Amino acid sequence: MSRIIISGASGDLGRRVTGLLLAADPHRELILTTRTPEKLAGLASDTVQIRHSDYQHPASVQEAYVGGDTLFLISGLNLGRRISEHRGAIEAAQKAGVGHIVYTSVGGVQPGNPALSAIDHHQTELDLRASGLKYTILRNALYAEIVSNILVAPAVPSGILAQATGDGLLAPVAKGDVARSAAACLMDPARHVGAVYEITGPELLDFHQIAALGAQIHSTPIEYQPITERDRLAFFDSIGIPRTYDPNMPPSPDGHLWASDELVSAEVAVAQGYQALLSHHVKQITGRAPEPLRSVMERVREVRYDKIDAAIS
Ligand SMILES: NC(=O)c1ccc[n+]([C@@H]2O[C@H](COP(=O)([O-])OP(=O)(O)OC[C@H]3O[C@@H](n4cnc5c(N)ncnc54)[C@H](OP(=O)(O)O)[C@@H]3O)[C@@H](O)[C@H]2O)c1
């Protein structure tokens, strides 16, 4: 059986996928690589190794990948710098003899997509294709948990959901479905060689519909108001969200770690239609229909975003 590396294993997706892989086979051979091995110490066993690695330090990554066959390359958070970080991880995988990389990209990756995160992912996808390694790309739609707890929930007090998303559509996907899709690809990588999957939820919605859903879930009126990119940035400035990502910045009070340039450019991408994607890939890969946004919102509404984990969803 092939040995799977989970790279960036202590984050939410890494933990979920690790849990699914071990639930399917408690004796599965895993290498969990992370900047914070102490967070995963409880998972170490005869078959599960915990190793230190940081995309910012390519030598650490190369050492950590030795002995692995299939790599789950979880994209990092250092916007702009991720391109070289991911490139270093791909080169490390080549040198370590890894045969196949499963990569977490984002929906709507195309040249011209204004979302800063999509620009990084586009280049990493190109680097992956050029590497000569086998690959599977999971283009994950916006997490439904983010829509629920970071976009809609803060609109409850004012009753106004004001964003730069225009009338754009998206199909938010539950993190549980992202994790199940990734785990299925990692457990049978040969079946998914060269695949580019759009990992979406089950329905395309605009923010008028999402605000109406939020109003039902929170039992209070919520109205969606499209605003300009400039006004949205000014709003984030007014509540102290930094413009650009800094790895040392503290999470916001609702538990997210993104800068306003990333958030707002992603909203503009929605407005321009880059997220208007609906696929059947989750069902095809996992055999299970993806969870609707309403169900996710009901389940996670009382939980701070960074406290949502596999136990809740
Ligand atoms: N589709 C979406 O809506 C969406 C939203 C947000 C993020 N994302 C992307 O999807 C990824 C997984 O999501 P998540 O919910 O699991 O995020 P998360 O809980 O915030 O975890 C972040 C992950 O990035 C890894 N990472 C960050 N910087 C790194 C570095 N310098 N070197 C190595 N690993 C690094 C972390 O690994 P360790 O801490 O273990 O080292 C961790 O696994 C994120 O990292 C991000 O790229 C997607």
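Per full-length UniProt numbering: the sequence shown = residues 1 to 313. Just so you know, even glycine gets a beta-carbon here, dropped at the ideal spot from N, CA and C. As the structure is a computational prediction, the values presented were derived from the model and not from experiment.
Secondary-structure assignment with DSSP links E223 through a beta bridge to I160.
Taking K95 as the centre and dropping the five residues before and after it, the same chain places the C-beta of Q62 closer than 7 Å to its C-beta, in chain order. With fewer than 16 other Cβ atoms inside 10 Å of its own Cβ, N248 counts as exposed. Going by C-alpha positions, I308 is about 27 Å away from I101.
Shown here, N149 sits in a helix according to DSSP, grouped into three states. The beta-carbon distance between L20 and V147, rounded to whole angstroms, is 23 Å. This is too long to meet the 8 Å contact definition. Relative to ligand 1, the beta carbon of N113 is positioned no closer than 7 Å to any heavy atom.
Looking at the DSSP output, F236 sits in no beta bridge, so it has no partner there.
Look at H192 here: in three-state DSSP terms it is helix. Counting along the chain, R51 sits inside no alpha helix (DSSP H); it lies in the beta strand (DSSP E) bounded by residues V48 to H52. The nearest non-hydrogen atom of ligand 1 is 7 Å or more from the C-beta of A164. Along the length of the stretch 17-50, whole beta strand (DSSP E) runs at least 3 residues long occupy 30-34, reported in chain order.
In terms of Cβ geometry, Y55 and E85 form a close pair [threshold 8 Å]. With contact defined as three or more Cβ pairs closer than 8 Å, the stretch 37-54 and the stretch 158-177 are not in contact. One Cα belongs to T33, the other to H280, and the distance between them is close to 31 Å.
Proximity to F207 across E198, Y224, R81 and T220 peaks at Y224, based on C-alpha coordinates.
T70 sits close to I4, with the two beta carbons spaced by under 8 Å.
In the three-state DSSP reduction, S75 falls in the coil class, being neither helix nor strand. In the structure shown, H281 falls within a helical segment according to DSSP collapsed to helix, strand and coil. If you ignore the 5 residues before and after A276, its C-beta comes within less than 6 Å of the C-beta of L169, all in its own chain and listed in chain order.
In the DSSP assignment, T124 falls within the alpha helix (DSSP H) that extends over L116 to A130. Checking the 7 Å criterion, the Cβ of V106 is within range of a heavy atom belonging to ligand 1.
Excluding five sequence positions before and after F72, the CB atoms of its chain that fall closer than 7 Å to its own CB belong to I4, I5, I6, S7, V17, V102, A182 and L186, given in chain order.
Taken through DSSP and simplified to helix, strand or coil, S7 comes out as strand. The beta-bridge partner set that DSSP reports for R139 consists of S105 and E198.
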